[in-house]
Amino acid sequence: MDGGSAVSRERFDLDEALKEEIRAKVLGEGFMKIVQSVRRGGAQFRISVRPVEIGGVRRYQAEMVEDGQVRVKNFDADGLSAGLEEIIAQKGARDLHLMTAKGDLHVRVTRKGRVVVSRSAEMDRKVDLKPHDRVKNVPLNAFDSSAYMKAAGLADGEGRVRASMRGKYDQVNEFLKVVGESLKDRAPSRDGESEDGRPFTVVDCGCGKAYLTVALYLYLTQVLQMPRVHVIGVDRRADVVSAARRMAAGLDLAGKVDFEESDLAAFNAGRADMVVSLHACDTATDEALAKGVEWRARYVLSAPCCQHELQKTLDDRGAFSGVMRQSILRERLCDILTDSFRAMIMRILGFRTQVVEFVSSEATARNIMLKCEYCVKPGQTGPVSEYLALRDYWHVTPWLETRLGGLLAKHISRFE
Ligand SMILES: C[S@@+](CC[C@H](N)C(=O)[O-])C[C@H]1O[C@@H](n2cnc3c(N)ncnc32)[C@H](O)[C@@H]1O
Numbered sequence: 004m005d006g007g008s009a010v011s012r013e014r015f016d017l018d019e020a021l022k023e024e025i026r027a028k029v030l031g032e033g034f035m036k037i038v039q040s041v042r043r044g045g046a047q048f049r050i051s052v053r054p055v056e057i058g059g060v061r062r063y064q065a066e067m068v069e070d071g072q073v074r075v076k077n078f079d080a081d082g083l084s085a086g087l088e089e090i091i092a093q094k095g096a097r098d099l100h101l102m103t104a105k106g107d108l109h110v111r112v113t114r115k116g117r118v119v120v121s122r123s124a125e126m127d128r129k130v131d132l133k134p135h136d137r138v139k140n141v142p143l144n145a146f147d148s149s150a151y152m153k154a155a156g157l158a159d160g161e162g163r164v165r166a167s168m169r170g171k172y173d174q175v176n177e178f179l180k181v182v183g184e185s186l187k188d189r190a191p192s193r194d195g196e197s198e199d200g201r202p203f204t205v206v207d208c209g210c211g212k213a214y215l216t217v218a219l220y221l222y223l224t225q226v227l228q229m230p231r232v233h234v235i236g237v238d239r240r241a242d243v244v245s246a247a248r249r250m251a252a253g254l255d256l257a258g259k260v261d262f263e264e265s266d267l268a269a270f271n272a273g274r275a276d277m278v279v280s281l282h283a284c285d286t287a288t289d290e291a292l293a294k295g296v297e298w299r300a301r302y303v304l305s306a307p308c309c310q311h312e313l314q315k316t317l318d319d320r321g322a323f324s325g326v327m328r329q330s331i332l333r334e335r336l337c338d339i340l341t342d343s344f345r346a347m348i349m350r351i352l353g354f355r356t357q358v359v360e361f362v363s364s365e366a367t368a369r370n371i372m373l374k375c376e377y378c379v380k381p382g383q384t385g386p387v388s389e390y391l392a393l394r395d396y397w398h399v400t401p402w403l404e405t406r407l408g409g410l411l412a413k414h415i416s417r418f419e
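To convert a position in the sequence shown, counted from 1, into my numbering, add 3.
Now the structure itself:
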């Protein structure tokens with residue numbers, strides 16, 4: 004940096020020459036980033052704007068941080084120019100840092116209104132329009148996800164995946180891959196719209212902080228290019244629902260990604276095309292599967308979490324007493340049986356069902372997913388007799404059977 008010059012001006016105002024210099028650097032060739040932090044009454048507001056490439060088109064991404072909340076917006080060149088005038092006209096003590104390929108400009112306006120300007124020596128830097136963390140070929144890198152990643156807290160201010168969030172980042176990526184695989188054979192005419200004219204509707208059951216919910220919307224619209232998509236996240240916790248709503252609003256997705264504070268059992272979407280759940284606790288996974296059936300979803304993708312229901316009712320079965328004596332093995336066996344019953348019930352109800360490891364066990368020990376697509380005739384003999392044989396061996400009634408009541412009973416009663 005050069006020595007810097009101090010110029011006293013009308014309080015907080017930049018002089019015209021400095022304003023012009025900032026405009027020329029931001030609107031001209033080689034613009035990399037402008038960041039302004041304003042301190043007022045103990046609070047801090049920070050805005051940063053940088054060029055990005057979205058779908059091969061140059062855009063400008065503004066990130067605004069206030070009271071710990073992050074909002075992100077993308078602009079065209081006109082939007083950049085208008086936003087820049089607001090940055091320049093800002094009053095109060097502030098720091099402005101402007102980076103171009105040729106060097107940096109720092110402007111500090113003190114509380115007394117003194118304007119201190121310093122410039123770096125001339126540089127020759129390369130302007131990189133690519134969002135960060137683009138190394139791997141994963142769904143969250145197939146579009147400009149940097150705004151989402153920061154708003155969700157998956158990435159830090161520089162766009163790097165936070166070490167503590169790596170597991171969730173991997174889960175979301177791998178979940179999106181399964182979504183992409185499931186939808187790859189959809190007829191183009193049905194893309195983004197259901198037969199009755201509704202948008203392609205996805206319900207995320209037990210959405211929590213909406214990492215997956217919001218990523219799903221962005222992936223379906225930006226990567227799979229589905230034109231009309233509505234994603235609804237449902238969770239019974241008020242705090243996570245308000246945080247999720249704030250995130251969606253900050254990303255300009257209100258009305259496209261909505262959230263309902265509700266117990267899953269009490270929520271009715273009417274119809275849905277896809278129902279997903281990622282680690283919805285215990286029987287909430289069964290509730291998600293049941294909702295997928297009742298809302299006549301074509302796709303039901305569910306990664307179960309902890310499961311306790313069966314543990315309460317499973318007795319020692321002859322040769323299994325040695326397994327059941329060890330609590331960890333008993334727990335694992337219950338997990339396996341619960342997911343087996345779930346998969347078998349979904350098969351009976353007309354869903355082609357695969358049980359897959361959707362993500363590595365390093366990202367989560369709960370890495371099983373039930374991947375179901377409604378595409379076969381319900382109530383076929385094979386799946387029903389397989390289900391009854393296992394159920395009757397263990398002398399249990401899986402919770403999902405009870406939950407589905409008549410919808411399942413009509414298929415199995417004639418074999419009992
Ligand atoms: C382990 S968190 C997972 C959140 C999110 N899907 C994710 O992967 O980050 C489970 C969430 O399911 C919600 N949940 C559990 N049972 C529920 C129910 N019966 N109805 C609605 N939400 C439920 C919890 O409040 C919690 O936010």
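Note that the Cβ used here is the ideal one computed from N, Cα and C, for glycine as well.
Measuring alpha carbon to alpha carbon, tell me which of R14, D266, L391 and S148 ends up nearest Q93. R14
Can you tell which of S324, A251, V244 and R248 has the C-alpha that lies nearest to the C-alpha of D266? V244
For R49, which residues does DSSP report across the bridge? S40 and V68
Taking 7 Å as the cut-off, is the CB of H282 close to at least one heavy atom of ligand 1? yes
Closest by C-alpha distance to D79, when choosing among E89, L391, A412 and R62: R62
Rounded C-alpha distance that separates A251 from Y222: 14 Å
Report the residue from K413, A283 and E297 whose alpha carbon sits nearest the alpha carbon of D276. E297
Considering only their Cβ atoms, is the gap separating L403 from I348 smaller than 8 Å? yes
Using only the heavy atoms of ligand 1, determine whether one of them is closer than 7 Å to the beta carbon of E290. yes
Within 10 Å of its beta-carbon, does D238 have 16 or more other beta-carbons around it, so buried, or fewer, so exposed? buried
Inter-residue Cα distance where the pair is A9 and R111: Any answer about A9 is weak, because its pLDDT of 46 lies below 50 and its placement is not dependable; what the coordinates show is given next. Distance between the alpha carbons of A9 and R111: 10 Å.
Where R137 falls: helix, strand or coil (DSSP): The predicted position of R137 is uncertain, since its pLDDT is 43 and thus under 50; no value can be drawn from it.
Rounded to a whole number of angstroms, what is the C-alpha to C-alpha distance between L411 and F354? 13 Å
In whole angstroms, what is the alpha-carbon distance linking R49 and D131? 22 Å
With H, G and I counted as helix, E and B as strand and the rest as coil, what does DSSP make of V119? strand
Under 7 Å Cβ to Cβ from I57, same chain only, skipping five residues before and after it: list those, please. N77 and D147
Report the start-end ranges of each alpha helix (DSSP H) in the region 304-349 that is 4 residues or longer and not cut off at the edges. 312-316 and 324-327
Short of 6 Å in beta carbon distance, which residues of its chain neighbour T204, apart from the five on each side in sequence? Order them along the chain. H233, A275 and D276
Mind checking whether the beta-carbon of R240 lies closer than 7 Å to any heavy atom of ligand 1? yes
Taking 7 Å as the cut-off, is the CB of L267 close to at least one heavy atom of ligand 1? yes
R26 - containing alpha helix (DSSP H), residue span: E19 to L30
Three-way DSSP call (helix, strand, coil) for E263 in this model: strand
Span of the beta strand (DSSP E) around Q357: F354 to E360
Could you say which of V60, I90 and S84 lies nearest to M67 if we only look at CA atoms? I90
C210 versus P202, T224, K187 and I235, residue with shortest Cα-Cα distance: I235
Could you have a look at N144 and say whether DSSP puts it in helix, strand or coil? helix
Going along the chain, which unbroken runs of the beta strand (DSSP E) with 3 or more residues stay wholly within the region 364-413? 371-377
Out of V303, G382, D107 and E334, state which residue places its alpha-carbon closest to the alpha-carbon of L317. E334
C-alpha gap between I339 and C308, whole angstroms: 12 Å
Residue range of the alpha helix (DSSP H) that D289 falls in? A287 to E297
Run the CB neighbour count on G301, radius 10 Å, all protein chains shown included, and call it buried at 16 or more, exposed below. Rather than Gly, the amino acid found at residue 301 in this sequence is Arg. Buried: at least 16 other Cβ atoms inside 10 Å.
Ranges of the beta strand (DSSP E) found wholly within the region 230-254, counting only runs of at least 3: 232-238
Let me know the secondary structure DSSP gives R74 once reduced to three states. strand
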